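Worksheet for the structure shown next.
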């Protein structure tokens, strides 16, 4: 591209050519783009000023709603006070304050936080910590990582290796991590259709981990990583007892258990973390999204005392020795830390985690009112999330879901998320009962339109 003569736009303000939009059919998008120019509370606004009701909290992330004044003010103040602090060998006070706040929310002895910038970075960081932890303990043979089918752990090479979404893996199959295996997915429409919350069927699927241990030997397995509730693949709540069984098996064999809480963390399921809701304490929790209500990118890994102490013990007596050779330029960026602290204050002051738990039954009833629609083959719900499996267009998988997402935005002023032929909802935690009704009513109209 020929550079412009000044720092203005390269051609015209509405030139859409230069930006390669992620996870998007770019040619189709640029014919009739879905653009938002500002946001407030429960709504986005298009450049023309049309209000779009946000049924997805952006990408599962604007949990406190959009452009909340206290968060905006904290970011503005931070930008004027400290624009950047080096993240290797130096730091700044807000990083330590935030880590302490997050550790206080985490269950059990998960008391130490390593910061990154995205969910993908957090998940890859957790995998690297797992491998390095076993090596520091003198168990360097533990290099195998176990994921799960239909899982999403970001788009880094580690994340797609342990993830279980086919299209995210197939294009890069020749370069994924070796020595990775997968547990079976926990979803069965035959046994779980139209379940509110956790399905009763499926806890036995955790026992497949014993099969993998018998196949590979526990001495070769470093960690198991799962989403407590799979989100991106279509809201798959864990069967009753499933996570507890995984914890029992991993502890029995000395295998680390990692909960990917990039979606479920910070109130989405009515608690600070899904680990709290399910009463299961893993060895690590990854987080992102809701920690800043999506206002500034930030992520992290919360690790147990045992993991942190193992790294500290590995360099005892050598003051200048680095304990973990890993990090990012923008780890614990000052603006992100300021945004996160303001967000945590807002969650606490408005009781948004508790509020989510209190309105879950109302949300579930509203969502399940779409049972019986001719397009809807299944509905799943947990916390303030929901997913609708739609009957596919014959010979064109994912087209029904894609058409529904477009129709919602252009014709019904609603933002929904399509994952194949599954439509996902996850509104901000500030959603009112009237807005829940409006989301469901508009979703029904969308389904009518694309039938």
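Numbering (the working numbering), first residue to last: 82 to 532. From the three backbone atoms N, C-alpha and C, an ideal C-beta is built for every residue, glycine too. Predicted, not measured: the structure shown is a model, and the values here were computed from it.
Residue i and residue j closer than 8 Å at C-beta
i	j	result
residue 318	residue 280	yes
residue 284	residue 320	yes
residue 381	residue 183	yes
residue 247	residue 234	no
residue 124	residue 118	no
residue 226	residue 330	no
residue 542	residue 267	The requested residue 542 does not occur in the structure, where the chain is confined to residues 82 to 532.
residue 395	residue 197	no
residue 427	residue 152	yes
residue 422	residue 160	no
residue 409	residue 371	no
residue 404	residue 392	yes
residue 366	residue 383	yes
residue 402	residue 311	no
residue 171	residue 414	no
residue 134	residue 496	yes
residue 492	residue 530	yes
residue 533	residue 299	With the chain covering only 82 through 532, there is no way to say anything about residue 533.
residue 433	residue 145	yes
residue 169	residue 460	no
residue 374	residue 149	yes
residue 525	residue 489	no
Presumed contact (8 Å Cβ cut-off) between residue i and residue j, rounded CB distance
i	j	result
residue 288	residue 326	7 Å
residue 510	residue 436	7 Å
residue 508	residue 180	29 Å between Cβ atoms; not a contact.
residue 339	residue 207	5 Å
residue 479	residue 527	Contact flag wrong, Cβ pair sits at about 16 Å.
residue 218	residue 407	The pair is not a contact, with the Cβ atoms about 17 Å apart (cut-off 8 Å).
residue 337	residue 211	5 Å
residue 356	residue 188	5 Å
residue 420	residue 158	About 11 Å separates the two Cβ atoms, so there is no contact after all.
residue 263	residue 315	About 17 Å; that fails the 8 Å criterion.
residue 515	residue 386	The Cβ separation is near 46 Å, so there is no contact.
Buried or exposed by the 16-neighbour rule on C-beta atoms within 10 Å, applied to residue i
i	result
residue 141	buried
residue 376	buried
residue 452	exposed
residue 107	exposed
residue 273	buried
residue 252	exposed
residue 471	buried
residue 130	exposed
residue 397	exposed
residue 99	exposed
residue 97	exposed
residue 378	buried
residue 313	buried
residue 363	buried
residue 83	Its pLDDT being 47, under 50, residue 83 is placed unreliably in this model, and the value from its coordinates should be taken loosely. Result: exposed.
residue 296	exposed
residue 102	exposed
residue 369	buried
residue 199	buried
residue 185	exposed
residue 223	buried
residue 254	exposed
residue 105	exposed
residue 328	buried
residue 221	exposed
residue 91	Its pLDDT being 41, under 50, residue 91 is placed unreliably by the model, and nothing is read from it.
residue 475	exposed
residue 517	buried
residue 349	buried
Any C-beta of chain C under 8 Å from that of residue i
i	result
residue 217	Chain labels in this structure do not include chain C; a single protein chain is all it has.
Beta-carbon proximity list for residue i, same chain, < 8 Å, skipping 5 on both sides
i	result
residue 205	235, 237, 238, 239, 240
residue 126	117, 118, 119, 120, 132, 133
residue 230	245, 263, 264, 265, 266
residue 342	308, 309, 354, 355, 356, 366, 367, 368
Other residues of its chain near residue i: CB distance less than 6 Å, five sequence neighbours each side excluded
i	result
residue 521	447
residue 462	277, 445, 448
residue 201	235, 236, 237, 240
residue 214	388, 391
residue 457	451, 469
Cβ shell of residue i (< 7 Å), same chain only, five flanking positions each side left out
i	result
residue 256	238
residue 499	482, 483, 485, 486
residue 324	309, 359, 361
residue 532	455, 456
residue 114	97
residue 163	173, 415
Legend entry - Three or more C-beta pairs below 8 Å linking the region 169-177 and the region 442-459: Verdict: no, contact absent.
Legend entry - the region 497-512 touching the region 465-475, judged by at least three CB pairs closer than 8 Å: As far as the Cβ criterion goes, the region 497-512 touches the region 465-475, which means the pair count is three or higher.
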